Amino acid sequence: MSTDSTSRGGLEDVVAASSAICYLDGARGVLAYCGHDIHDLARNATFEEVCYLLWHRRLPTRPELGDLHSQLAAARQLPDGVLRLMRQLPPGDGMDALRTLTSALAHYDTEAASTTADAQYRKAVRLTARMASLVAAFGRLQQGRGHVEPDPVLGHAANFLYMLTGERPDALSVRAFDIALILHADHELNASTFAARVTAATLSDIYSAMVSAIGALKGPLHGGANADVMRMLLEIGETATPDRAEEYIRAKLARKEKIPGFGHRVYTTEDPRATHLRRMSKQLGARTGSTKWFELSQRIEGVVTGAKGLYPNVDFYSASTYHTMGIAIDLFTPIFAVSRVSGWTAHVLEQYANNRLIRPRADYAGPPYPQAWMPVEAR
Ligand SMILES: CC(C)(COP(=O)(O)OP(=O)(O)OC[C@H]1O[C@@H](n2cnc3c(N)ncnc32)[C@H](O)[C@@H]1OP(=O)(O)O)[C@@H](O)C(=O)NCCC(=O)NCCS
Numbered sequence: 082m083s084t085d086s087t088s089r090g091g092l093e094d095v096v097a098a099s100s101a102i103c104y105l106d107g108a109r110g111v112l113a114y115c116g117h118d119i120h121d122l123a124r125n126a127t128f129e130e131v132c133y134l135l136w137h138r139r140l141p142t143r144p145e146l147g148d149l150h151s152q153l154a155a156a157r158q159l160p161d162g163v164l165r166l167m168r169q170l171p172p173g174d175g176m177d178a179l180r181t182l183t184s185a186l187a188h189y190d191t192e193a194a195s196t197t198a199d200a201q202y203r204k205a206v207r208l209t210a211r212m213a214s215l216v217a218a219f220g221r222l223q224q225g226r227g228h229v230e231p232d233p234v235l236g237h238a239a240n241f242l243y244m245l246t247g248e249r250p251d252a253l254s255v256r257a258f259d260i261a262l263i264l265h266a267d268h269e270l271n272a273s274t275f276a277a278r279v280t281a282a283t284l285s286d287i288y289s290a291m292v293s294a295i296g297a298l299k300g301p302l303h304g305g306a307n308a309d310v311m312r313m314l315l316e317i318g319e320t321a322t323p324d325r326a327e328e329y330i331r332a333k334l335a336r337k338e339k340i341p342g343f344g345h346r347v348y349t350t351e352d353p354r355a356t357h358l359r360r361m362s363k364q365l366g367a368r369t370g371s372t373k374w375f376e377l378s379q380r381i382e383g384v385v386t387g388a389k390g391l392y393p394n395v396d397f398y399s400a401s402t403y404h405t406m407g408i409a410i411d412l413f414t415p416i417f418a419v420s421r422v423s424g425w426t427a428h429v430l431e432q433y434a435n436n437r438l439i440r441p442r443a444d445y446a447g448p449p450y451p452q453a454w455m456p457v458e459a460r
């Protein structure tokens with residue numbers, strides 16, 4: 082058994098599945114869901130339309146979209162047992178809580194073990210609705226504030242912000258959050274989606290696949306990077322000048338440290354999602370009367386792109402966008418999951434529909450075979 086001699090590890094450029102969901106051209110900076118360009122979707126779509134697109138491979142008609150709205154709204158309520166468990170967890174990381182509570186949701190889903198295509202679809206809808214409720218409820222709890230029940234009249238983005246803040250969100254915040262959800266919804270065989278597909282391919286249940294995905298998303302090389310970007314910006318300092326930010330980044334690069342929010346396995350040019358998040362970071366900053374985080378971010382981008390030829394990825398400007406919206410850092414990566422659950426479930430449904438166990442091989446690099454057996458006293 083041998084690997085391709087040109088392989089750099091990490092399954093780089095390995096095609097591991099055939100999928101009709103996401104088209105990605107890293108050299109040209111193209112991202113499309115089922116043929117629909119991400120720029121078009123970010124300009125025109127709602128997150129609900131994108132969910133439908135990912136699950137059905139086509140945009141919904143008005144009645145179909147209305148039905149999906151109703152299904153999502155009807156599924157938002159969290160089981161009491163899950164809310165109780167949330168309150169019992171010791172204070173800690175948002176992704177740890179999301180992992181545990183998503184797993185707990187399965188215990189309250191009477192269809193959890195059902196394998197019919199219809200039941201799997203209903204579970205995809207429920208998971209998408211409830212992951213948003215979980216993250217908003219967890220955010221409230223972290224702030225020591227009471228639980229806010231979902232409002233079935235509101236769309237997905239507006240309801241999330243309402244459940245998080247307890248206040249009716251304004252139109253600009255809703256649209257910005259909706260766009261952020263659209264941009265994060267799917268990204269081909271990224272690490273968490275691959276983890277979900279590997280779990281689903283054993284014919285394990287969709288909740289287990291989501292728990293695998295959440296575990297993979299948490300890492301700082303994947304979804305965890307958005308929180309790391311904000312921690313870095315805060316370390317640079319609220320009152321720092323762009324020159325100070327440049328000095329900080331140059332020192333970090335000189336120490337050969339990675340800058341969170343930059344680089345990508347697939348894109349060798351601008352990540353098309355970053356284009357929208359950059360604009361939103363500036364726009365939301367201007368509304369609050371301070372574009373400070375945007376200006377620091379922009380200088381950092383200039384330094385990293387100039388010095389390393391690396392472009393900002395989806396996590397870089399989402400950090401200042403969420404922070405400007407008043408969202409706590411601990412919720413940044415869970416919010417990534419609130420969106421990506423749509424893509425994870427779409428991929429899991431696709432995997433179930435045409436399944437074969439995913440079981441690659443390793444290039445053995447251990448002690449030569451065979452080794453002589455030594456009794457424990459003789460070792
Ligand atoms: C996204 C990421 C994991 C891709 O990893 P990858 O394809 O395995 O690329 P590598 O980590 O092997 O990086 C290739 C080279 O670029 C450098 N590099 C990559 N990302 C970098 C970053 N963010 N800052 C500084 N240097 C970086 C590496 O040090 C490496 O340099 P070398 O060849 O001199 O050793 C990587 O770019 C990264 O760690 N980025 C920061 C975390 C992040 O933002 N993750 C979110 C991704 S959406």
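What the sequence shown shows, in the numbering used here, is residues 82 to 460, in sequence order. Idealized CB from N, CA, C, for every residue including glycine. Nothing here was measured: the structure is a model prediction, and the numbers come from that model.
Which listed residue (the options) has its alpha carbon closest to that of residue i
i    : options                : result
R109 : D352, A294, H268       : D352
G147 : I317, R138, Y133, M291 : Y133
S254 : G236, N271, L270       : G236
E327 : V419, S99, G383        : G383
Q432 : I102, G90, H303, E93   : I102
N307 : S293, G344, K337       : G344
A213 : A239, A198, Y202, Q224 : A239
Check: residue i C-beta below 7 Å from any heavy atom of ligand 1
i    : result
V163 : no
R256 : no
K204 : no
R109 : no
A306 : yes
R221 : no
H265 : no
P301 : yes
P341 : yes
H120 : no
R345 : It is worth fixing the name first, because residue 345 is His in this sequence and not Arg. Yes, Cβ of H345 sits closer than 7 Å to a heavy atom of ligand 1.
Through-space distance from residue j to residue i, alpha-carbon basis
i    : j    : result
H268 : F258 : 18 Å
E129 : A187 : 23 Å
R138 : Y114 : 8 Å
E230 : T280 : 32 Å
Y104 : V163 : 36 Å
V95  : A321 : 43 Å
H228 : M244 : 8 Å
L179 : V216 : 7 Å
S420 : R325 : 34 Å
G91  : A155 : 41 Å
A443 : A126 : 42 Å
A252 : G407 : 15 Å
Per-residue DSSP class, three states only, for residue i
i    : result
S83  : The predicted position of S83 is uncertain, since its pLDDT is 43 and thus under 50; a value taken from the coordinates is nonetheless stated next. Looking at S83 - three-state DSSP - the assignment turns out to be coil, as it is neither helix nor strand.
V457 : helix
P393 : strand
C115 : coil
Check whether residue i and residue j have beta carbons under 8 Å apart
i    : j    : result
I317 : L412 : no
P341 : P301 : yes
V234 : S423 : no
S399 : F375 : no
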